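Participant:
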Amino acid sequence: MDWGMENRIAKLIKPESGRAVWLAIDHGYFLGAVSKLEKPGETVKPLLAFADAIMLTRGVLRNCIDAKNSPAVILRVSGGNSIIGEDLSKEAITTSIKEAVRLNAAACAFSIYVGAKYEHQTLLGLANLINEAQEYGIPVLAVTAVGKELAKRDARYLSLSCRIAAELGAQLIKTYYCENFEKVVNSSPVPLVIAGGPKLRTERDALQLAYDAVQQGAVGVDMGRNIWQSDNSLAIIQAVRHIVHENASVSQAQELFDSLKN
Ligand code: R5P
């Protein structure tokens, strides 16, 4: 692997643990100002010290994140859709590789919608992005999006999407946790992280999700709502780190959470 590519991936997946805790705040690119992310800079400021990377668009990066105090950046470079638009899968590249270089991105993120109306457009978009990013040593994170069809998140579908993303050359994949998650992990030759999905009922549920995912082969999490929509976001991100980087059990992480929460 080229030095630049290897160095960027090492910023995202920590060599000491082989694991990753990323904070996703890119939701606004198709959802607008979601609850608790109306002012992304304020919401995430205290959390940044505990994230190996933040995933976001160039607009939020430039306007809301201090260049002198930022973890590694995973730049979302796809969009062009909205929650009220024709079809969520109608997504394409929004941000050039030159921008990614200018913003010192450690990776670019692009969503694919396997089985959806615009599947072909998103798969070719991913392939083209990888072709360009490879020239600059920038890894690409493929996001296996499911649009509004959350029920699609089963092992058969996700392993198909992840395998296609890896075959097209993605160096990293973000997917969902599901029953029989090992099937998804086994179908991908590149590292997988999981999204947290909509806010779960309790913080313990989020800890269990992170635990199950890493036990079954994910290299970590790229969590959003289950971190920053929590009333105890600082405590939950540290508890998730305890699981991901230190192999803590759910009970140990819950203990840490309880000792840190307000
Ligand atoms: C999905 O397309 C985006 O990357 C989301 O912003 C991300 O999956 C959200 O993370 P979470 O589901 O943990 O809020």
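Numbering (the working numbering) for the sequence shown: 280 to 541.
Heads up, the beta-carbon is just placed ideally off N, CA and C, and yes, glycines get one too.
The model shown is predicted, which means the values in this text are computed figures rather than measured ones.
Using three-state DSSP, classify Leu316 as helix, strand or coil.
Facilitator: In this structure, Leu316 counts as coil in the three-state DSSP scheme.
Participant: How would you label Trp507, buried or exposed, when you count the other beta carbons within 10 angstroms and need 16 or more for buried?
Facilitator: It counts as buried.
Participant: Using a threshold of 8 Å, state whether the C-beta atoms of Ala489 and Ile516 are closer than that.
Facilitator: Not in contact: Ala489 and Ile516 (Cβ atoms no closer than 8 Å).
Participant: Is the distance from the Cβ of Leu367 to the Cβ of Lys453 below 8 Å?
Facilitator: It is not a contact, given that the beta carbons lie outside the stated cut-off.
Participant: So Ala485 and Phe460 are in contact, right, with Cβ under 8 Å, and what is the actual spacing, rounded?
Facilitator: Not really, about 16 Å apart at Cβ, beyond 8 Å.
Participant: List the endpoints of the continuous beta strand (DSSP E) containing Met284.
Facilitator: Counting along the chain, Met284 falls outside any beta strand (DSSP E), though it belongs to the alpha helix (DSSP H) covering 282-291.
Participant: Helix, strand or coil for Cys457 per DSSP?
Facilitator: Correct three-state label for Cys457: coil.
Participant: For the ligand R5P, is there a heavy atom less than 7 Å away from the beta-carbon of Asn505?
Facilitator: Correct: Asn505 has its Cβ closer than 7 Å to the ligand R5P.
Participant: Can the beta-carbon of Arg337 be found closer than 8 Å to that of Tyr308?
Facilitator: Contact flag unset, no.
Participant: For the ligand R5P, is there a heavy atom less than 7 Å away from the beta-carbon of Asp331?
Facilitator: No, Cβ of Asp331 sits at least 7 Å from all heavy atoms of the ligand R5P.
Participant: Rounded to whole angstroms, what is the Cα-Cα separation between Ala395 and Thr401?
Facilitator: C-alpha separation (whole angstroms): 10 Å.
Participant: Quick one: measure Cβ to Cβ for Ile362 and Ile333, integer angstroms, because I've assumed they're closer than 8 Å.
Facilitator: Actually they do not touch by this definition, with Cβ atoms about 22 Å apart.
Participant: Which word fits Thr481, buried or exposed, when buried means at least 16 other C-beta atoms lie within 10 angstroms of its C-beta?
Facilitator: The residue in question, Thr481, is exposed, as its Cβ has fewer than 16 Cβ neighbours within 10 Å.
Participant: For Cys387, write down the residues that DSSP places opposite it in a beta bridge.
Facilitator: Cys387 pairs with Leu354, Val419.
Participant: Of the choices Met280, Glu446, Met284, whose alpha-carbon is the least far from that of Ala412?
Facilitator: Nearest of Met280, Glu446, Met284 to Ala412, Cα basis: Met284.
Participant: What is the C-beta distance between Ala384 and Ile417, in whole angstroms, given that I count them as a contact (C-beta under 8 Å)?
Facilitator: Contact holds; Cβ gap of about 6 Å.
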